[in-house]
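Okay, so here's the structure we're looking at.
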Amino acid sequence: MLSRISPRASQSSTSSLLSFFSRNSSSSNTKIYELRTYDIIPEKLPFFIQLSNSHFHLRTAHSRMIGYWTSELGALSQTIHLWEYDSLTQRASIRKTLYQDKDWLEYFVKPALPCIKKQSNIALSLLPWTPLNEENTDKPRAFQLIQRSFMPGHFKQWESLMKQGWASRPHHSQPIGFWKTEFGPADNVYELWAYESFDQAIAVKENKEWRDTVGQAVLYTKESYVKGLLPIEISPLK
């Protein structure tokens with residue numbers, strides 16, 4: 001259960017968050033983000049994580065990784081990475097370079113491949129009213145990745161409602177970012193949130209204003225899916 005917050009503290013938190021969005025929303029983010037999901041053979045997951053912690057610097061030498069997580073709730077034995085690129089053309093160039101990186105292929109790809117059952121990726125663009133928030137705290141957090149699928153033609157209605165609901169969220173959790181799909185499942189948005197714990201993520205539902213916002217947004221949503229994620233040692237976002 002979240003502790004009670006005074007109106008003054010809540011108003012201050014709200015003002016801080018709105019100020020953050022105001023400062024950042026003026027500059028359009030045209031970057032492309034790639035969400036990669038690996039389904040790992042369960043008994044090989046510890047080895048795969050150890051391999052990542054030891055050798056993933058060979059991969060991040062080529063492009064910027066936002067975060068690296070393992071699935072804890074909503075899915076099992078998955079690793080999930082979020083990457084940032086200037087464009088899909090830049091991504092293609094980097095992927096080509098990776099195929100020629102002998103150290104990357106030898107020390108990570110070769111031992112990692114027998115651990116992987118399936119791979120998938122989605123190309124995303126950041127919604128302009130949710131600038132990427134990469135501020136970390138003193139201790140690792142629990143993350144919530146929400147996938148929402150819309151009825152075709154109803155994204156704008158959902159977006160309008162979510163903008164209105166922001167003011168109710170800062171004393172519970174600040175968002176990392178909201179993205180829409182460019183390649184992958186059509187009419188989808190991905191939300192990434194950070195919390196002190198998964199229990200705190202559940203407690204957000206007690207907030208009436210946010211509950212009302214989500215309740216109205218459901219009218220335009222076909223389905224939603226939520227995963228609980230934990231950052232691994234090398235994740236920039238913790």
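Numbering (the UniProt record's numbering), first residue to last: 1 to 238.
The beta-carbon is built from N, C-alpha and C at its ideal position, and this holds for glycine as well.
* Expressed to the nearest angstrom, what Euclidean distance is found between the alpha-carbon atoms of G153 and H57? -> 42 Å
* DSSP-derived helix/strand/coil call for I234 -> coil
* I think Q90 touches Y38, with their Cβ atoms under 8 Å apart; what is that distance to the nearest whole Å? -> So it is not a contact: roughly 22 Å between Cβ atoms.
* To do: Using DSSP bridges, identify the partner residues of Y195.
  => A142
* Asked: For P131, does the three-state DSSP call read helix, strand or coil?
  -> DSSP places P131 in coil when its eight states are reduced to three.
* Give me the Cα-Cα distance between E106 and F178, rounded to the nearest whole angstrom. => If you take the alpha carbons of E106 and F178, they lie about 35 Å apart.
* Three-way DSSP call (helix, strand, coil) for Q100 in this model -> DSSP places Q100 in the coil class of the three-state scheme, outside both helix and strand.
* Cα-Cα separation, L192 to T213 -> Roughly 17 Å separates the two Cα atoms.
* Consider the Cβ of W210: report whether some Cβ of chain D lies at a distance smaller than 7 Å. => No chain D appears in the structure shown, which is made up of a single protein chain.
* Asked: The alpha helix (DSSP H) with N53 in it runs from where to where?
  -> L45 to H55
* To do: Let me know the secondary structure DSSP gives T137 once reduced to three states.
  => coil
* **Bridge partners - E84, DSSP secondary structure assignment** => Answer by DSSP bridge pairing, in chain order: Y33 and R64.
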